[in-house]
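Student: To start, I am sharing the structure in question, which I have written as structure tokens.
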Amino acid sequence: MTKVVAAGLVLVIAVQAFAFTQLERELVVAVTGGAIACVLCAVLARLDHEAAVEQDTVDDDAAAAVRRWLTRTETLISWSESTRADWDRRLRPMLARQFELAAGRRKGKDARSFQSTGRMVFGDELWQWVDPDNIARSGGQEPGPGRRTLDDILARLERL
1 MTKVVAAGLV
11 LVIAVQAFAF
21 TQLERELVVA
31 VTGGAIACVL
41 CAVLARLDHE
51 AAVEQDTVDD
61 DAAAAVRRWL
71 TRTETLISWS
81 ESTRADWDRR
91 LRPMLARQFE
101 LAAGRRKGKD
111 ARSFQSTGRM
121 VFGDELWQWV
131 DPDNIARSGG
141 QEPGPGRRTL
151 DDILARLERL
């Protein structure tokens with residue numbers, strides 16, 4: 001941008017010097033005005049180009065964020081519809097952590113309060129899928145709870 005402005009300033013000075021050698025005042029004003037108009041057009045074109053490049057970058061960042069979110073959501077759904085072991089390994093820790101943050105109850109401070117709050121928020125049926133202590137030690141190949149249960153759990157977390 002500074003190069004365009006500097007080149008424009010040099011052009012205007014050169015045109016002024018040429019026009020003063022020509023002893024016609026009307027010519028000086030017209031030629032100087034034309035040179036300034038050319039410089040302004042070049043500056044505006046440069047600004048438009050930079051704004052378009054910046055907007056493309058912002059659009060690309062937003063599109064990449066949406067793609068990452070979509071991929072993560074599809075992965076979470078596939079884990080919920082997979083086995084109990086996948087649920088225990090991948091979803092349960094995340095859901096328990098989100099519950100701790102949303103409820104303001106830390107399991108490490110008061111486990112009994114954490115359990116009772118979890119049962120009140122989710123109910124006994126859903127709490128078994130969020131409770132970080134309810135990991136299956138055996139039989140991890142049984143089916144997970146599914147997408148509907150994940151949706152119910154996330155809806156209750158949103159309400160907190």
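Letter 22 of the sequence shown, counting from 1, is numbered 22 in full-length UniProt numbering, and no numbers are missing.
The beta carbon of each residue, even a glycine, is placed where N, CA and C say it ideally should be.
As the structure is a computational prediction, the values presented were derived from the model and not from experiment.
#1: Whole-angstrom Cβ separation of Ser-80 and Leu-126, contact assumed at under 8 Å?
#2: Does DSSP classify Pro-143 as helix, strand or coil?
#3: Just to confirm, is the Cβ distance from Glu-142 to Arg-84 under 8 Å?
#4: Using the Cα positions of Val-130 and Ala-63, report the straight-line distance between them to the nearest angstrom.
#5: Out of Gln-115, Ala-35 and Ala-30, which one is the CA nearest neighbour of Ile-13?
#6: If distances are taken between C-alpha atoms only, which option among Gly-118, Phe-18, Phe-114 and Leu-47 comes closest to Val-5?
#7: Determine the extent of the alpha helix (DSSP H) in which Ile-13 is found, giving its start and end residues.
#8: Could you name the residues that DSSP lists as bridge partners for Thr-75?
#9: Taking the runs of the beta strand (DSSP E) that are 3 residues or longer, which of them lie wholly in the region 113 to 159?
#10: Determine the direct distance from the alpha carbon of Gln-128 to that of Ser-116, and round the result to whole angstroms.
#11: Given a cut-off of 8 Å on the beta-carbon distance, is the pair Val-15 and Val-29 in contact?
#12: For Arg-97, count the other beta carbons within 10 Å of its own beta carbon; 16 or more makes it buried, fewer makes it exposed. Which is it?
#13: Can you tell which of Asp-86, Asp-152 and Val-121 has its C-alpha closest to the C-alpha of Arg-137?
#14: To the nearest angstrom, how far is it from the Cα of Glu-74 to the Cα of Glu-50?
Tutor: Put simply:
#1: The Cβ separation is near 13 Å, so there is no contact.
#2: strand
#3: yes
#4: 32 Å
#5: Ala-35
#6: Leu-47
#7: 2 to 21
#8: For Thr-75, which the question treats as bridged, DSSP gives no partner whatsoever.
#9: none
#10: 12 Å
#11: no
#12: exposed
#13: Asp-86
#14: 36 Å
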